[in-house]
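Only one structure is covered here, and it is reproduced in the block below.
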Amino acid sequence: MMTRAATTSTRRSLSRTAWPATHAKSTARSGLSAERRRTYMATKYIYDLAIVGAGPGGLYTAICAAKKGMKVVLIEKRKDISKMTRYCSEHIILEENYNGDTMLLDIGKELNSNGWVDADSVNKLRSKNNGWEITFKGALCPVRDKFYYSRNLKHNAHYAWEDRHPFAWKYDKAYFLQQLLDQVLALGVEYIPETTCYEAVDSAEGVTLKCVTKGKRFLMFAKKLVAADGASAQVPQSLGMNEDRIYFASALTLAVYMSNVKDYSPANWCGFWGLCYGSNFAPLLGTGPAGHFDWADVILIGHPKQMPGELFEFFTKKSPVAYMFKNAKVEQMHSCMTKAYAPMKKPYKGNTLVIGDSAAFVETQMQGAINCGLWAADAIEKEFNGQPGFAEYTKKWLDSFEFNDDGMLQVQAGYALIPFYTDEEVEYLFSLLDGVTMPGNWSQYASPRMMWHEIHKHDNRIQSERPEIWKKINMQQSKTLSDSMS
């Protein structure tokens with residue numbers, strides 16, 4: 037297993053200077069104007085499969101496709117995927133049948149005195165339902181308890197297993213991706229970093245990719261394309277594949293790693309519900325990054341009318357938990373913008389298959405993306421053999437991921453607690469959960485359903501004590517996710 041330094045020094049990519057001098061003829065045949073041709077460099081490289089995006093889904097597609105004997109090229113806009121430039125919560129989720137699969141994690145070392153696993157641990161992640169396994173090195177921190185807090189911290193929704201075994205583990209995603217890339221390169225896949233594919237053009241023969249690197253443009257050609265370029269979905273957008281997707285909003289996310297946060301536990305995942313915390317979206321408090329699990333991860337989600345920086349100031353200085361941050365120090369800050377679309381019901385068009393976050397409602401998580409990569413390579417192979425591989429992929433996609441259930445658009449997703457209910461009403465509802473610990477659960481869709489299941493055990497009491505809340509509960513299912521994001 038290579039170290040970070042070794043993999044960086046041995047990374048192989050296509051040399052721009054090695055491209056053939058036949059590019060002028062190639063671009064002339066593409067139908068570009070003479071002026072446009074002068075702005076392009078290079079030629080059409082012919083591959084069986086081009087993959088755009090070196091996240092977990094794109095990398096695993098490349099691994100599986102190369103093992104099937106395909107000639108593969110992988111295009112990635114980042115220079116170094118071993119460095120996180122875009123925020124990610126970085127969790128391996130262990131709950132049963134999460135997004136259609138159950139993960140089994142074999143830890144290579146015992147927990148240290150701090151309660152987490154050291155970075156030199158060699159671990160194995162296994163898929164119970166899909167059969168893959170990945171050996172990787174890296175630090176891990178268990179997540180054992182999840183709390184949803186009202187304005188009164190004593191009244192909360194608590195999720196944990198009775199024996200407190202972890203339902204998720206924080207992991208080092210950047211190091212994990214680098215180790216997958218090592219496998220990709222060892223299999224002979226061509227890897228082109230620092231390159232953006234800004235448009236794809238499909239034809240009967242294959243897909244032409246319009247790319248740019250360091251201001252220079254070039255064309256590439258592949259028989260099939262897998263778009264794994266993340267939630268921004270630029271490649272699918274260029275193919276018109278986002279046109280039928282409901283666009284909800286642009287979510288602006290700010291993640292702040294902070295040291296010396298009072299009452300912080302690396303083993304807890306916490307959400308804070310109520311306008312007293314500053315936002316329609318619950319601010320989150322989770323585990324810090326690998327190497328600094330002792331830091332808290334403070335996550336704020338805003339929108340153009342409610343910027344996350346302002347939410348951070350309010351949450352840490354004016355909310356009911358401001359005391360936690362009195363002596364805290366900001367160590368690192370990350371931000372990103374994600375366009376929230378409804379998931380693709382048909383994630384393919386022509387010779388292109390869209391996988392992972394590119395086709396999702398925001399994200400599939402790492403383990404879901406790897407499943408997509410496995411299915412994608414199988415689908416491509418079947419398409420080459422004249423079989424309906426893309427249609428078979430689509431069935432797995434629709435059947436596996438919980439966000440493909442149209443019911444997730446309703447209030448049961450949990451986002452519409454605020455501002456639909458007042459802070460006092462949320463406190464009352466959460467007080468009905470006093471003394472209750474629900475099973476350990478990560479899912480943003482399952483957790484609210486579990487919470488409401490417990491609350492509905494008190495329907496008679498709610499009708500008697502708080503008829504106005506009961507009326508709101510009955511109206512709740514008519515309110516959609518897009519309403520809650522406005």
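Take 37 as the starting number for the sequence shown in my numbering and just add one per residue. Glycine included, each C-beta is placed from N, C-alpha and C at the ideal position. Computed from a prediction, not measured in an experiment: that's the story for all the values here.
Practice task
For residue 254, write down the residues that DSSP places opposite it in a beta bridge.
Solution key: 247
Problem - Test item: CB-CB of residue 352 and residue 206 under 8 Å - result: no
Practice task
Would you kindly check if the distance between the Cβ of residue 268 and the Cβ of residue 210 is under 8 Å?
Solution key: no
Exercise for the section: Give the single residue among 193, 90 and 142 whose Cα lies nearest to the Cα of residue 471. Expected result: 193
Handout entry: CA-to-CA distance, residue 108 to residue 258, given in whole angstroms
Key = 9 Å
Exercise for the section: Look at the Cβ atom of residue 91, then the Cβ atom of residue 318, and state whether they are nearer than 8 Å. Expected result: no
Exercise for the section: Could you pull out every residue in the same chain whose Cβ sits closer than 6 Å to the Cβ of residue 287, ignoring the five residues on either side in sequence? Expected result: 337, 374 and 376
Exercise for the section: Round the Cβ separation of residue 187 and residue 356 to the nearest angstrom and send it over; I've been treating them as touching at under 8 Å. Expected result: 6 Å
Practice task
Count the CB pairs spanning the segment 305-315 and the segment 408-427 that are closer than 8 Å, and state whether there are at least three.
Solution key: no
Problem - Separation of residue 379 from residue 538, as counted between CA atoms - result: In the structure as shown, the chain starts at 37 and stops at 522, and residue 538 therefore has no counterpart that could be examined.
Problem - Assigned secondary structure, residue 98 (DSSP; H/G/I helix, E/B strand, else coil) - result: helix
Problem - Cβ pair residue 400, residue 409 closer than 8 Å - result: no
Practice task
Could you please give me the residues that DSSP links to residue 368 through a beta bridge?
Solution key: 293
Problem - Simplified DSSP assignment, three categories, for residue 153 - result: strand
Problem - Contacts around residue 140, its chain only, beta-carbon distance under 7 Å, and the 5 residues preceding and following it disregarded - result: 162 and 164
Problem - Classification of residue 358 by the beta-carbon crowding that lies within 10 angstroms, buried from 16 upward - result: exposed
Exercise for the section: Please name the residue or residues paired with residue 307 in a DSSP beta bridge. Expected result: 184 and 320
Handout entry: residue 476 versus 129, 341 and 185, residue with shortest Cα-Cα distance
Key = 129
Exercise for the section: Pair every Cβ in the segment 333-349 with every Cβ in the segment 269-283, then say whether three or more of these pairs are closer than 8 Å. Expected result: no
Handout entry: For residue 151 and residue 363, the rounded distance between their alpha carbons
Key = 23 Å
Problem - 6 Å Cβ shell around residue 2 - same chain, five flanking residues per side excluded - result: Any answer about residue 2 is impossible in this case: the structure gives the chain only from 37 up to 522.
Problem - Chain-order list of residues whose beta-carbon lies under 6 Å from that of residue 231 (same chain, five-residue window excluded) - result: 111, 247 and 249
Practice task
Flag this pair as yes or no: are the beta carbons of residue 478 and residue 126 separated by less than 8 Å?
Solution key: no
Practice task
Check whether the Cβ atoms of residue 388 and residue 261 lie closer than 8 Å to each other.
Solution key: yes
Practice task
Give the secondary structure of residue 388 by DSSP, where H, G and I count as helix, E and B as strand, and everything else as coil.
Solution key: strand
Practice task
To the nearest angstrom, report how far apart residue 342 and residue 284 are at their CA atoms.
Solution key: 16 Å
Problem - Extent of the continuous beta strand (DSSP E) to which residue 343 belongs - result: Premise fails: residue 343 is in no beta strand (DSSP E) and is neither H nor E.
Handout entry: DSSP-derived helix/strand/coil call for residue 135
Key = coil
Practice task
Might you give, ordered along the chain, the residues of its own chain that have their beta carbon closer than 7 Å to the beta carbon of residue 138, omitting 5 neighbours on each side?
Solution key: 132, 164 and 165
Exercise for the section: Identify every residue that forms a DSSP beta bridge with residue 162. Expected result: 140 and 169
Handout entry: Range covered by the alpha helix (DSSP H) that runs through residue 430
Key = 425-436
Problem - Euclidean distance between Cα positions of residue 243 and residue 228 - result: 17 Å
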